[in-house]
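Only one structure is covered here, and it is reproduced in the block below.
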Amino acid sequence: MGKIIIFLGPPGAGKGTQAQFLNKDYGFIQISTGDILREAVKKGTELGKLAKKYMDEGKLVPDDVIVGIIKEKLEELGDANIILDGFPRTIPQAQALDKMLQEKGKEVDAVILFDISDEEVIKRLSGRRVDPKTGKVYHIEFNPPPKGVEVIQRDDDKEEVIRKRLEVYHQQTEPLVEYYKSQNKLYVVDASKPVEEVYKEIKNVLKL
Ligand code: AP5
């Protein structure tokens with residue numbers, strides 16, 4: 002049966018970067034609620050218009066909207082190996098996910114917590130650049146884009162929005178650490194290490 006892995010951690014911890022590696026090397030399908038929302042904003046859909054207000058302020062989009070998106074995606078992907086990147090982010094989202102999976106006779110297989118300090122996050126996000134064509138993530142210092150690749154900066158990577166996102170993470174998302182610890186599903190990786198070392202730790206956890 003397909004595995005369901007959750008990447009949990011503050012903004013800028015490297016969740017998206019590592020999800021891309023697991024996709025490339027092992028075919029895991031990455032579901033990033035942030036990417037889905039940004040795509041909707043770009044296309045100017047109803048969802049995008051609603052989400053933009055929250056995202057620009059670094060706040061969370063309402064739970065029912067997000068849960069609806071995930072439900073649809075999980076239906077679509079059937080039995081694939083999946084990484085949930087940026088979902089769940091609140092206790093009600095986690096409970097909704099457990100219920101959704103239960104109905105299919107499945108459960109979350111592992112939750113990987115990306116452990117990193119707020120200072121490191123600010124350093125990383127202010128240097129993050131994204132290739133709008135492929136969605137690939139770079140860093141001007143730690144992982145510079147190849148020559149000829151044009152990159153942009155995300156709207157919510159301004160310092161005051163980053164600080165708000167961190168505050169929201171500590172208040173609303175961090176309680177999930179206890180939630181998954183009590184289910185014996187939590188694994189912690191040191192996300193402050195270089196990209197390749199973090200990847201090694203994750204592969205160890207997932208026995209890949
Ligand atoms: P989302 O897109 O999920 O943002 P996030 O969780 O804040 O995560 P990021 O994408 O910022 O960081 P990341 O951990 O993926 O780091 P990355 O790999 O890019 O959400 C955006 C918004 O959408 C939210 O604020 C909210 O409004 C809304 N939203 C989304 N999901 C929601 C939900 N479930 N409920 C409600 N609202 C929701 O790496 C960061 C940088 O560091 C890059 O430049 C990278 O190159 C570099 N880097 C990565 N790893 C390393 C390393 N080991 N060493 C050095 N540099 C590194």
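The sequence shown runs 2 to 209 under the working numbering. For glycine and all other residues, C-beta sits at the position ideal for the given N, C-alpha and C.
In the DSSP assignment, residue 190 forms a beta bridge with 115. Residue 19 places its beta carbon less than 8 Å from that of residue 203.
Remark: C-beta atoms of residue 59 and residue 129 do not approach each other more closely than 8 Å. Residue 168 and residue 29 have their C-alpha atoms spaced approximately 30 Å apart. Partner residues in the beta bridge of residue 86, as assigned by DSSP, are 8 and 33. Here residue 209 is exposed. Its C-beta has fewer than 16 other C-beta atoms within 10 Å. The three-state reading of DSSP puts residue 185 in coil, since its state is none of H, G, I, E or B. With respect to the C-alpha of residue 172, the residue from 16, 72, 41 and 91 having the closest C-alpha is 91. Nearest Cα to residue 11 within the set 2, 65, 62 and 122: 122. Relative to ligand 1, the beta carbon of residue 103 is positioned no closer than 7 Å to any heavy atom.
Between the region 93-108 and the region 65-73, the count of C-beta pairs closer than 8 Å reaches three or more; the two stretches touch. Using a Cβ distance threshold of 8 Å, residue 94 and residue 67 count as a contacting pair. Residue pairing of residue 171 in beta bridges, as defined by DSSP: absent, with no partner found.
Spanning the alpha carbons of residue 192 and residue 15 requires a straight line of approximately 7 Å.
By the neighbour-count criterion, in which a residue is buried when 16 or more other Cβ atoms sit within 10 angstroms of its Cβ, residue 89 is buried. Exclusion of the five residues before and after residue 180 leaves 92 and 95 as the residues of its chain whose Cβ lies within less than 7 Å of its Cβ.
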